[in-house]
Every structure is written in structure tokens, then in C-alpha cells.
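Peer 1: As they're listed, the protein sequences go chains Z and U. Read in numbering that gives the first Met the number 0, the first sequence has 206 at position 207, and its numbers run on one by one without any break. Read in numbering that gives the first Met the number 0, the second sequence has 184 at position 185, and its numbers run on one by one without any break. Quick reminder that beta carbons are idealized off the backbone N, C-alpha and C, glycines included. These numbers come from a predicted model, not from an experiment.
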Amino acid sequence: MRAQFVLSEIWIGLRRNLTMTIAVIVTVAVSLALFGSGLLIRKQVDSMKNFWYDKIQVSVFLCVESSTDPHCKGRVPNPQQKQAIQRDLQNMPEVNKVFYESQDDAWKRFQERFANNKAFVEASSKKDMPDSFRVQLKDPKDYDVVASAVEGREGVDSVANERQVLERFFAMLNGLRDAAFLVALIQVIAAALLIGNTIRLAAYSRRRETGIMRLVGASNFYIQLPFLLEGAIAGLIGGVIASGLIVGAKQFLFDNLQSYFNFTMTLSWGAVAEVIVFSITVGVLLCSAASFLTLRRYLRV
Amino acid sequence: MIHFDTVTKVYSSQNRPALDAVSMDIDKGEFLFLVGPSGSGKSTFLRLVLKEERPSKGRIHVAGKDLQRLSNWKVPHLRRRIGCVFQDFRLLPNKNVFENVAFALEVIGKPRRFIRKVVPEVVDLVGLEGKAHRMPDELSGGEQQRVAIARAFVNRPMILLADEPTGNIDPATSIGIMKVLDRINRTGTTVVMATHDAAIVDSMRKRVVELEHGRLVRDQSRGVYGQAY
């Protein structure tokens, strides 16, 4: 096998169909970038799920004077009522622990969370902060049982399911992921067809050479290799461009999203590298496979 | 060297067989003319020897190999032992004489040192001394055919197949081409030449096999083209 000969053939082939090659590279790059972003979203959702589902609490907010909920009717529960609620919660088999968060604590937490939004803090007061029971569950799936047990009870304003809020958010991310995968799939099909066309043109424009190669007994592998590598190299270049786009997505999309939503889970560069390696491999394999299938039709040996 | 045993070839688009129960033996080192009008099956014969086509019936042995049993991936190795020359030369227009001949060795993975040594020898053998760096369009038809013969012979095949090699060349130049083929035959290579050219067949006095409508109608050692029978 003479590497120099094969390399020069590939170079000639890529240059001969320059516009088609560029079209292939762009299509592959876009499709792989979308595919990689979809994988990143999935990784993000998985890691957030692990992180949040362990910490999930059911928050039982109690009525305060400023409560707007009609069944509070402005009545604040007295200490005996509060103790009764806490005792009942603690006695439930699904419950692990119950914390009481006083209005003081809630106010402090509120001020911390919105420290960079002075106007909002100033417009609120400690009296607006409901005190609450934070219920930690043995199994986060049991939140319905616990929530329905105290919901509507006298002195209870509302029960917040963190899980429901999170799940709505995850569903949105999953929707984005599916959309990315769908567009990536369409692009992949377009890329495969483009590669097929490029290779067909290349095989046609080099039919003289390949005809002679066949006659003098060059092996099928040797005849097809330059075409295969042509596809693979286009796939590789597309993959490299896609990895640039994926790094950009991580830097400007995911990290921004995270600071916006106050996540504690940033996507590690290790995970990004994993996605990039996977995407490039998919790109190269896809292009080689598309070339190979076309060659079998147009380069009878 | 080449053995046909009642070989029939029917192309799917035609009713009439292109070759009809042809049997013949060609020995090592023979020079054989395959004659007959267009469509008589000469080209089909050559394509069958190269295993470019499969026979519909019958068996073919080439260079000791049963072609029916030869698996597809071994076909290239069969073709390395067979050289081919055509009426239309089939040279690569963007390569010079040396590169055209070297191409046949490059694509079967021969080392460069070997190519540098062997190609000039063969270019000289076919009578193109000093023209190794000419491009095909700077050569006459006869010279181009010599390049094609050099390319077919450079890997020292056991068999040389020539399909109307003088079909595009004037009679005077054809004599030169025949001398080259004769020289190659003398090195022990079996030469099978399909031709219309009566003058050449008559002058060489070699074995002549005549095909007509796919049937073998004459097989004569030291024959002529238009034998009355």
C-alpha cells in the first residue's frame, strides 16, 4: 500500500468536487452540532435530576396576615395548630424529617436570594414571608400522599411540590433535546444523500482511472479506498467544526442558562469532550458508510 | 493456459447466444488470432477470460484456475497475470509515458524502487526509447498503442489479451505493433489477439480461430484470415 499515492488521489478528489465537498462538510457540521447539543441537554437533565430529586422537599406554607388564598381568610394559625400539623406530618410513614422555617428565616433567605435585586427586597417585608414546614421525604415519589394529607387543612396556605416545578422545566429541556435530535436526523439524511451524490460524481469523473485499475488487477480495497477516505475526511472536518459549535454552545448557552437559573450543576468539560468524541466518531462512520454504499452501486469491481 | 469447455454465454437482453458451446485449448507461449466479423463473440471471449462476465454454461480455466470457483476477491490476482490492450489505447491523458506505465504497478502496491527499475526497461522494449516523458497527446497513434502494450506487459503477465490493437492504426505502423507483440510472445507470454485485419493475420502465419455467430467454425495452426473452406 502506497500512502503517498492514496493521499494524492484523495486530495485530487476533494478538490475536484470542491463545492460539493463544502456542502457535505457544512451539512455534517450542522447536523453533528445539533446532535451533540441534544446529547449535552440530556446529560444536563440527567445530572440535574440526580441532584435535585435527592433534595426534593414538600413545602407546606402556613397562612400569614397577607395571605391571598381565600381559605386562610386572614386567620393565622396559633402555635397549637402549628404543632398539630408538624406532629401529623412527622407521624406519616413516608416522611423522613420535618423542619420548621420561621418568618425570620424565610425573610433572611429571601434577602439572600434576591440580594442583587434591591427594589424587589425593599418592596417586600418580613410580614409577607409565610412560615413553612419543609418536609423531607423518604422516597421523593411519595410527594402526592404527603401533599394531599395537609392540603386544605386549616392554617395551611398552600403546598408546593418542587418536583412538579422541576418536572415542568425538565419537560421543556427534553422538548428542546427532541427538537435538536429531530433536526439533526433530517440533516443527517441530507448529508448522507449529498455524500452519495459527491461520491457518484467522483466515481464518474475518475472512471478512466478506475477502469484501468480494475484491468491491471488492483484490489477492490485499493480502488475504493480513496473514495472512502474522501467521505471520511469530509466527515472528520465536519465533525471538527461541529465540536467548535458544541464548545460554543456549552460556553454561551448552557453556562449562561445555569447562571440564570441559579443551578449548582455546571456541565463538566469532561462530559463535553465525551460528547465531542462521540459526535466526531458518528460523523466519520456515517460518511464512510454513505460512501461505501454508493461505491457498491457506482463502482462495480 | 486457457481452457474453454463447451462455454455458452447468453446476455440477458438478447435471445441469441454471444458464444455458443465453444471449446478450445490455448497452450502456454502460443500466439493466437481470434477472427470473425463484428458481433461474432470475440470480445465476449476476452471478457470471459478476464472474468468480467460469467459463462451461462460450461467451464473456463485460466492460468490453472477454475474461474467458476475463483472467489470475487481473488479476481484482481487473476487479472495481474493477464495484460490487456484495446483499440482505443485507454491511456491517462494527464500522465506522461513513464507515469502511465508506472500506474499499473503503483495500483497493485509495488515498491517505488522496483517501478523505477522496471518501467524504463519495458518502455525501451516496446520501442519508445527517449520518449518516457512525453504526454500521450504528443505521440502518434502507433506510439500510444506501444505505451498501452508497455503498461499491459510491465507486470510480466502470463497472458496478453489484445482486442483489435491495430484497429485505429494505419497498416505501416501496424507492422511495428505486431513486431512488439511478437517480441513479447517470444518471452514466453501467451498472446491472444482479436482482429479484423486480414493482412496482418496472413503475414504472421500463426494459429487462427474463427468465430461466427458465437460458434467456433475454424481452428487452424499457421492459418490465414480468409481461408476458403
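At a CB distance below 7 Å, what residues from the segment 181-209 of chain Z approach chain U? Give them in sequence order.
Peer 2: Only 207 and 208 from the segment 181-209 of chain Z bring a Cβ to less than 7 Å from some Cβ of chain U.
Peer 1: Report the residues of the segment 212-233 of chain Z with a CB closer than 8 Å to any CB of chain U, ordered along the chain.
Peer 2: 212, 213, 214, 215, 216, 217, 218, 219, 221 and 222
Peer 1: Three or more C-beta pairs closer than 8 Å, one from the segment 218-238 of chain Z and one from the segment 38-54 of chain Z: is that the case here?
Peer 2: no
Peer 1: Counting beta carbon pairs with one atom in the segment 21-38 of chain U and one in the segment 0-8 of chain U, are three or more of them shorter than 8 Å?
Peer 2: yes
Peer 1: Does DSSP put residue 193/U in a helix, in a strand, or in coil?
Peer 2: Taking the first residue of the second sequence as position 1, residue 193/U is located at position 194. Note: residue 193/U maps to strand in three-state DSSP.
Peer 1: Since residue 240/U sits in a beta bridge, which residues does DSSP pair it with?
Peer 2: Outside the displayed span of chain U (0 to 228) sits residue 240/U, for which this structure offers no information.
Peer 1: Taking only beta-carbon atoms, is residue 170/U less than 8 Å away from chain Z?
Peer 2: The residue you call residue 170/U lines up with position 171 of the second sequence. So, not an interface residue.
Peer 1: Can you give me the C-alpha to C-alpha distance between residue 222/U and residue 69/U, rounded to a whole angstrom?
Peer 2: Translated into the one-based positions of the second sequence, residue 222/U becomes position 223. Translated into the one-based positions of the second sequence, residue 69/U becomes position 70. Going by the C-alpha atoms only, they are around 34 Å apart.
Peer 1: Would you give the residue range spanned by the beta strand (DSSP E) that residue 131/Z belongs to?
Peer 2: In the first sequence, residue 131/Z corresponds to position 132, counting from 1. It spans 131-136 - the beta strand (DSSP E) in which residue 131/Z sits, taken as one unbroken run.
Peer 1: Any idea what DSSP makes of residue 125/U, helix, strand or coil?
Peer 2: Here the question's residue 125/U lines up with position 126 in the second sequence. Note: residue 125/U maps to coil in three-state DSSP.
Peer 1: Are residue 153/U and residue 117/U closer than 8 Å when you measure CB to CB?
Peer 2: By one-based count along the second sequence, residue 153/U stands at place 154. By one-based count along the second sequence, residue 117/U stands at place 118. Contact: yes.
Peer 1: Take residue 96/Z and list the residues in its own chain whose beta-carbon comes closer than 6 Å to its own, dropping the five residues that flank it on each side.
Peer 2: Indexing the first sequence from 1 puts residue 96/Z at position 97. Excluding positions up to five away in sequence, the list reads 135.
Peer 1: Less than 8 Å between CB atoms is the rule here; does residue 120/U satisfy it with respect to chain Z?
Peer 2: Position 121 of the second sequence, counting from 1, holds the residue named residue 120/U. It does not; no Cβ of chain Z falls within 8 Å.
Peer 1: By Cβ distance below 8 Å, which residues in the same chain neighbour residue 119/Z in space, the five residues on each side in sequence not counted?
Peer 2: For the purposes of this step, residue 119/Z is taken as the residue at position 120 of the first sequence. For residue 119/Z, where only same-chain residues beyond five positions count, the Cβ hits under 8 Å are 113.
Peer 1: Taking only beta carbons into account, state which residues of the segment 101-135 of chain U come closer than 9 Å to chain Z, listed in chain order.
Peer 2: 102, 103, 104, 105, 106, 107, 108, 109, 110 and 111
Peer 1: Rounded to whole angstroms, what is the Cα-Cα separation between residue 93/U and residue 176/Z?
Peer 2: The residue you call residue 93/U lines up with position 94 of the second sequence. The residue you call residue 176/Z lines up with position 177 of the first sequence. It is roughly 51 Å from the alpha-carbon of residue 93/U to the alpha-carbon of residue 176/Z.
Peer 1: So which residues on chain Z does residue 2/U lean against when the C-beta distance must stay under 9 Å?
Peer 2: Position 3 of the second sequence holds residue 2/U. Within 9 Å Cβ-Cβ: nothing; residue 2/U doesn't reach chain Z, min ~20 Å.
Peer 1: Thinking C-alpha only, which one of 189/U, 7/U, 35/U and 19/U is nearest residue 208/U?
Peer 2: Within the second sequence, the letter at position 209 stands for residue 208/U. Measuring from the Cα of residue 208/U, the nearest candidate turns out to be 35/U.
Peer 1: Which of helix, strand or coil does DSSP assign to residue 162/U?
Peer 2: In the second sequence, the residue the question calls residue 162/U occupies position 163. The answer is strand: DSSP assigns residue 162/U an E or B state.
Peer 1: Are the beta-carbon atoms of residue 55/Z and residue 129/Z separated by less than 8 Å?
Peer 2: As a first step, residue 55/Z must be located in the first sequence, where it is residue number 56. As a first step, residue 129/Z must be located in the first sequence, where it is residue number 130. No, they are not a contact pair.
Peer 1: How should residue 284/Z be labelled, buried or exposed, when 16 other C-beta atoms within 10 angstroms of its C-beta is the threshold for buried?
Peer 2: What you label residue 284/Z is simply residue 285 of the first sequence in a count that begins at 1. Its Cβ having fewer than 16 others within 10 Å, residue 284/Z is exposed.
Peer 1: Rounded to whole angstroms, what is the Cα-Cα separation between residue 200/Z and residue 211/Z?
Peer 2: Numbered from 1 along the first sequence, position 201 holds the residue referred to as residue 200/Z. Numbered from 1 along the first sequence, position 212 holds the residue referred to as residue 211/Z. Between residue 200/Z and residue 211/Z, the C-alpha separation is close to 18 Å.
Peer 1: Report all residues from its chain with a CB closer than 8 Å to the CB of residue 68/Z; omit the five preceding and five following residues, and keep chain order.
Peer 2: Position 69 of the first sequence, counted from the first residue, corresponds to residue 68/Z. Closer than 8 Å at the Cβ level, and outside the excluded window around residue 68/Z, lie 62, 156 and 157.
Peer 1: How is residue 203/Z classed by DSSP in three states: helix, strand or coil?
Peer 2: What you label residue 203/Z is simply residue 204 of the first sequence in a count that begins at 1. Three-state DSSP puts residue 203/Z in a helix.
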